[in-house]
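K.L.:
Numbers 16 to 275, taken from the working numbering, label the letters of the sequence shown in order. Don't be surprised by glycine CBs; every beta carbon is placed ideally from N, CA and C. Questions regarding the structure given below will be posed in turn.
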Amino acid sequence: MTQTGTARPATAGAFERLEVALDRGSPIPLYYQLAQQLESAIEHGALAPGDLLGNEVDIAARLGLSRPTVRQAIQSLVEKGLLVRRRGIGTQVVHSQVRRPLELSSLYDDLAAAGQSPATRVLRNEIESASAEVAAALGIPEGRDVIVLERLRSTHGEPMAHLRNHLPAALLDLDTARLEATGLYRLMRSAGITLHSAHQTVGARSATAQEGRLLDEPAGAALLTMRRTAYDDTGRAVEYGTHVYRASRYTFDFQLLVRP
16 MTQTGTARPA TAGAFERLEV ALDRGSPIPL YYQLAQQLES AIEHGALAPG DLLGNEVDIA
76 ARLGLSRPTV RQAIQSLVEK GLLVRRRGIG TQVVHSQVRR PLELSSLYDD LAAAGQSPAT
136 RVLRNEIESA SAEVAAALGI PEGRDVIVLE RLRSTHGEPM AHLRNHLPAA LLDLDTARLE
196 ATGLYRLMRS AGITLHSAHQ TVGARSATAQ EGRLLDEPAG AALLTMRRTA YDDTGRAVEY
256 GTHVYRASRY TFDFQLLVRP
């Protein structure tokens, strides 16, 4: 049997319009059902950063749950970094974790599509000689001029990723102001560059002290890493990216198919 209750916090906000459906006949624990629905509401924007959930007693009463069940659901989202308990304020939505599909798209476009309000700070935009690693990725001679970009990408005022990209120097003109206003791939498309495919490697490692300062994480915190070489529709390598993401805020989604 599925029971639907509308949870209404003590203060007005998005949560008062949220419907929570609990299947009491399901083997799935009620706390987990509640946590999953709250997480989905945060992910899809029904609960936005800053929204208050109300107190556990009120939620429990309105949904017909025990207070320990509600507390367990909320605690699981606190541990994920989606909620925070603030003294004198209550339980508050912090942010949603970004789930990015593994496809040829830019972080800026993915964040914008998810309603995450991306913002960019350009840390570096200059010409340098290609190292052996960069030259091999772009298929150019070592020492040839390349554009090097370093950017800090944020959402809702919080840092999300440190992005480093190398591009052939003659590919396009990259104005710093435009890079801070939009995404790199959007600028490439507007210059007539058609992205076709990419080779990408995803990994993980610990944050250095410098990365911790940039990403507001302690040194040694878990980071996701991505290396990508993108190609246009002529087969030319047009971009080599080495990016790091806060594992507390970011995941990659995979779709796996059985090979026939």
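#1: Please return the same chain residues whose Cβ sits closer than 6 Å to the Cβ of Q48, not counting the five positions on each side in sequence.
#2: Output the boundary residues of the alpha helix (DSSP H) element that contains G227.
#3: Just tell me which of L187, A252 and R136 has its CA closest to the CA of P156.
#4: Output the boundary residues of the alpha helix (DSSP H) element that contains L194.
#5: Taking the alpha carbon of L230 as the reference point, which residue from G158, L210, R242 and R261 has its own alpha carbon closest?
#6: Does DSSP put E157 in a helix, a strand or coil?
#7: Using the three-state DSSP reduction, which class does P83 fall into: helix, strand or coil?
#8: Thinking C-beta only, is L186 closer than 8 Å to G256?
#9: Between L189 and L210, how many whole angstroms is the CB-CB distance? I'm expecting something under 8 Å.
#10: Ends of the beta strand (DSSP E) at D38?
P.N.:
Once the coordinates are examined:
#1: L37
#2: A224 to L230
#3: A252
#4: T191 to A196
#5: R261
#6: coil
#7: helix
#8: Against a cut-off of 8 Å, the Cβ pair of L186 and G256 comes out as no contact.
#9: Incorrect: roughly 16 Å between the Cβ atoms, too far for contact.
#10: Segment E34 to D38, the beta strand (DSSP E) holding D38.
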